[in-house]
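Notes for the one structure printed next.
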Amino acid sequence: MACSGSAPGLQASAPRNGDARLRAAIDAIGTPVSASDVATWNIDVAPDGRGLPAGSGDVATGARIFAAKCAACHGAKGEGLIGDPLVGGQGTLTSASPKRTVGSYWPYATTLFDYVRRAMPYNAPQSLSADEVYAVSAWILNRNGIVPDDARLDAQSLAAVRMPNRDGFVPDPRPGRL
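Residue numbers for the sequence shown follow full-length UniProt numbering, so the first one is 1 and each next one is one higher.
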């Protein structure tokens with residue numbers, strides 16, 4: 001029986017359940033993945049802080065790291081250059097020219113950590129240690145007036161940060177849970 005839409009003369013063939021050679025060929029595709037292989041990529045952070053690693057960082061250390069590894073794209077003060085602005089914009093979301101920054105738009109501080117950890121710096125993603133990501137997050141949050149100058153963030157304190165636009169998003173109505 002020919003497949004509909006297939007070239008003339010081609011036959012569709014369905015594997016038979018008892019074909020051991022076919023099963024062996026299918027099983028040989030790919031490479032088994034170890035738990036440590038999965039752990040390397042399993043770095044997501046939930047809004048409530050689940051998945052945040054051990055470590056900590058403070059605003060002053062974050063300023064030095066930001067200057068060395070982030071300012072070339074985001075500007076010395078996080079104002080944006082070739083990379084998006086990270087600071088400012090508070091109160092602009094309902095204006096004709098909203099400025100969506102970490103401080104004005106993002107609903108969770110843990111999202112900042114997750115994004116920086118995965119994707120920054122642009123030329124070397126995932127190269128920052130957990131302590132460096134906590135420090136850069138502290139500096140960015142401080143520049144937005146969200147944490148004080150002496151803030152030191154870790155898994156507990158970062159998850160406890162309440163972002164200014166926390167209630168500015170509509171809950172996802174789809175079934176399931178994070």
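Just so it is clear, CB atoms sit at the ideal spot from N, CA and C, and this is done for glycine as well.
With a cut-off of 8 Å on Cβ pairs, the region 84-91 is in contact with the region 100-107, counting three or more such pairs. The straight-line gap separating the alpha-carbon atoms of G80 and A46 is approximately 26 Å.
Counting of Cβ neighbours within 10 angstroms places D167 among the exposed residues, the total staying below 16.
Put simply, of L158, N165, K69 the residue whose alpha carbon is nearest the alpha carbon of G55 is L158. Under the three-state reduction of DSSP output, G103 falls in the coil class, being neither helix nor strand. Beyond the five residues adjoining it in sequence on each side, P125 comes within less than 7 Å, by CB distance, of R118, A119 in the same chain, given in chain order. A20 has its alpha-carbon roughly 49 Å from the corresponding atom of T110. Nearest neighbour of F113 by Cα position, chosen from G89, R50, R23, turns out to be R50.
Inclusion of A60 and A67 in the CB contact set at 8 Å is not warranted, their separation being larger than that value. Here DSSP, grouped into helix, strand and coil, assigns Y134 to helix.
The continuous stretches of alpha helix (DSSP H) do not include L128, and DSSP gives it neither H nor E. Remark: C-beta atoms of V147 and L128 do not approach each other more closely than 8 Å.
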